[in-house]
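J.:
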Amino acid sequence: MAVRGSLGLSRALVVGLARSGSSAALALRAAGCEVVGVDSDVERDVGRLAEAGVEVHLGGRVGPAALEGVEVVVKSPGVPANELLTAHARRVGVPIWSEVELGGRLLPQPIAAVTGTNGKTTTCELLGEMVRASGRKAAVAGNVGRPLTSLEPDDDPEAWVVCELSSFQLEDIDLFRARVAVLLNITPDHLDRHENLEAYREAKLRIFENQIEEDVAVVPQGFEAVAGRGCRLEFAALDDLPHVPRLPGVHNRENAAAATLAARAMGVPDDAIGAALASFPGIPHRLEAVGAVNGVRYINDSKATNPEAAERALEAFPRARVILGGSKKGSSFERLARAARASSVRRAYLIGEAAPAIASALEQENVPYVCLGNLEGAVAAAASDARRDEVVLLAPACASFDQFRDYEHRGGVFRQIVSDL
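Under the numbering used here, read the sequence shown as residues 353 to 773, first letter to last.
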């Protein structure tokens, strides 16, 4: 097993001490660096950090003096670019890294990275299964929930890291290099955080910028030229695959095609790719079957946190009774309403702060809907309305932060409600 090497840094500042920030702070300490950690949440549990010797500041306003002697700032993905300390660091020329930039510098394993608006987690987990089916090691990390900096270095020449990358992680890379980089799609998302769609797009495309000639860039068929020097490969839903994927929907056929190209570029043989396609069950909260009551199926797609993801769920389950709504992300719902009409949605059950905006879009397309306020009421109403062989689909098209901690919490509550029916 390899050992973490020195980064050549003596002092670093970590802004944001949730999962990835805490992991980054601990990794920096393990690499011999003095670390200052700051977080606005006064109740953040930082026991492990304090034990490791991290100087922690919670709550309140930490001024620019915290940057004294700091050689790099590691910014957690949930921290906006204009946060006080990171903005000051930028003004005075202190480098700002994302947690994945730090992780990429600490790990000897080659990285296969996946980004896109939708399908990232499914594609990463499927790609990891393909590598493991060939008898090699593959750790899956990044935006899937396991910080890259939490992985142990491994000098096995056949070991890989598969890393899911969000736009928030990519906006602060520097030298991060993916030997195989995959872009699945780009549609409007996170416009409450990024200045505009172009800024969001530019962040996503940074996944390719440090690639060299021996690397591979996997992109949708017909996509524009991308930065970097990696060999370009294109995928499409109609590509020949070694085996039919188990997962429903055209979008999952695209995810499988992208993963197949990436796996081949990583040296995985087709028999292993086919075995993974045949056995991969999907991921929690993504078109997940959670139960059937009185002949009605309940599908949990809580991970559909933007309209385009919800549209794909409606394509996979036409004539569904769909639960929509949550917190706003700056997205428009007109196209979603057209997709609801095209897929013959029986009725939409609207929840959360986005419900009025979704209702307005649905009215324009004459899609029946009812506003319920919360998830419990929506499931109860849909269950009362549904008939045998119909589907009740949770595909919110919105973030969850108005009523839930995250999409996983929302999906877990949906599972429990269905279980209680």
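Every residue, glycine too, gets a C-beta built ideally from N, C-alpha and C.
#1: So, with DSSP's three-state summary, where would you put I769?
#2: Comparing C-alpha positions only, which one of I675, V366, K680 and R529 sits nearest to A692?
#3: Give the secondary structure of E523 by DSSP, where H, G and I count as helix, E and B as strand, and everything else as coil.
#4: What three-state label does DSSP hand G725 in the structure shown?
#5: Just list the residues that DSSP pairs H595 with in beta bridges.
#6: Please state the DSSP three-state secondary structure of T501.
#7: Taking the beta carbon of P572 as the centre, do at least 16 other beta carbons fall within 10 Å, making it buried, or is it exposed?
#8: What is the DSSP secondary structure of A364, counted as helix, strand or coil?
#9: When the Cα atoms are used, what is the spatial distance from G360 to A641?
#10: Could you give the distance in angstroms between the alpha-carbon of L369 and the alpha-carbon of V398?
#11: Figure out for me which residue from V366, K680, K427 and V446 has the closest Cα to the Cα of H409.
#12: Pull the bridge partners of P572 from the DSSP assignment, please.
#13: Is it the case that the segment 622-640 contacts the segment 716-730, given that we only count it when at least three CB pairs across the two stretches are under 8 Å?
#14: Considering only their Cβ atoms, is the gap separating Q563 from S450 smaller than 8 Å?
#15: So is Q461 buried or exposed if we call it buried at 16+ other beta carbons inside 10 Å?
#16: Consult DSSP for E606 and reduce its assignment to one of helix, strand or coil.
#17: Beta carbon of S695, beta carbon of E667: below 8 Å?
#18: C583: buried (16+ other C-beta within 10 angstroms of its C-beta) or exposed?
#19: So, for M353: in the same chain, excluding its five sequence neighbours on each side, which residues have a beta-carbon less than 6 Å away from its beta-carbon?
#20: Hey, would you say A464 sits closer than 8 Å to R488, going by beta carbons?
#21: Any idea what DSSP makes of K680, helix, strand or coil?
#22: Go to K556, then tell me how far its beta strand (DSSP E) extends in each direction, as first and last residue.
#23: Check H409 in the structure and name its three-state DSSP category.
#24: CB-CB under 7 Å to E420, same chain, minus the five flanking residues each way: which ones, in chain order?
#25: Is the beta carbon of L527 closer than 8 Å to that of L459?
#26: Using the Cα positions of L746 and D592, report the straight-line distance between them to the nearest angstrom.
#27: From which residue to which residue does the alpha helix (DSSP H) around I463 run?
#28: How about C476 and E435: are their beta carbons less than 8 Å apart?
#29: Could you round the C-beta distance between V444 and T473 to whole angstroms and report it? I think they count as a contact, below 8 Å.
#30: T469 and N548: beta carbons closer than 8 Å?
#31: What is the DSSP secondary structure of C750, counted as helix, strand or coil?
#32: Which runs of the beta strand (DSSP E) at least 3 residues long sit entirely within the segment 417-472? Give them in chain order.
#33: Would you kindly work out how many angstroms separate the C-alpha atoms of G626 and V414, rounded to a whole number?
#34: Taking only the alpha-carbon atoms, compute the straight-line gap between V446 and V425 and give it to the nearest angstrom.
#35: Please list, in chain order, all residues of the same chain as A614 whose beta carbon is under 7 Å from its beta carbon, the five residues on each side excluded.
#36: Along the chain, where does the beta strand (DSSP E) that runs through A641 open and close?
T.: Based on what the coordinates show:
#1: Judged by DSSP in its simplified three-state form, I769 adopts helix.
#2: Taking only the C-alpha atoms, the option nearest A692 is I675.
#3: For E523, the secondary structure class from DSSP, reduced to helix, strand or coil, is coil.
#4: Strand.
#5: Per DSSP, none; premise fails for H595.
#6: Three-state DSSP puts T501 in a helix.
#7: It is buried - the Cβ of P572 has at least 16 other Cβ atoms within 10 Å.
#8: In the three-state reduction of the DSSP assignment, A364 falls in the strand class, which pools E and B.
#9: When rounded, the separation of the alpha-carbon atoms in G360 and A641 is 49 Å.
#10: L369 and V398: Cα-Cα distance of roughly 8 Å.
#11: When each option's Cα is compared against that of H409, the closest is V366.
#12: DSSP lists F587 as the bridge partner or partners of P572.
#13: Not touching, per the Cβ criterion.
#14: No. Outside cutoff.
#15: Looking at its Cβ environment, which holds 16 or more other Cβ atoms inside 10 Å, Q461 is buried.
#16: Reduced to three states, the DSSP call for E606 is helix.
#17: In this structure, S695 sits near E667, with a CB-CB distance shorter than 8 Å.
#18: Flag for C583 reads exposed.
#19: Model confidence at M353 stands at a pLDDT of 35, short of 50, so the residue's coordinates are unreliable; what they give is reported in the following sentence. There are no such residues.
#20: For A464 and R488, no; Cβs fall outside 8 Å.
#21: K680 falls in the coil class under three-state DSSP.
#22: Premise fails: K556 lies in the alpha helix (DSSP H), L549 to L557, not in any beta strand (DSSP E).
#23: Residue state, collapsed to three classes: strand.
#24: Closer than 7 Å at the Cβ level, and outside the excluded window around E420, lies no residue.
#25: Contact flag unset, no.
#26: Going from the Cα of L746 to the Cα of D592 covers about 31 Å.
#27: In the DSSP assignment, I463 falls outside any alpha helix (DSSP H) and within the unbroken beta strand (DSSP E) covering I463 to T467.
#28: Cβ distance not < 8 Å, so C476 and E435 don't count as in contact.
#29: Taking C-beta atoms under 8 Å as the contact rule, V444 and T473 fail to qualify, at a distance of about 37 Å.
#30: Not closer than 8 Å, so no.
#31: If DSSP states are grouped into helix, strand and coil, C750 belongs with coil.
#32: Listed in chain order, they are 424-427, 448-450 and 463-467.
#33: Spanning the two alpha carbons is a distance of roughly 53 Å.
#34: Using only the alpha carbons, I get a separation of about 7 Å.
#35: Same-chain partners within the cutoff: A464, L479, V532, V534 and V570.
#36: That run of the beta strand (DSSP E) goes E640 to V645.
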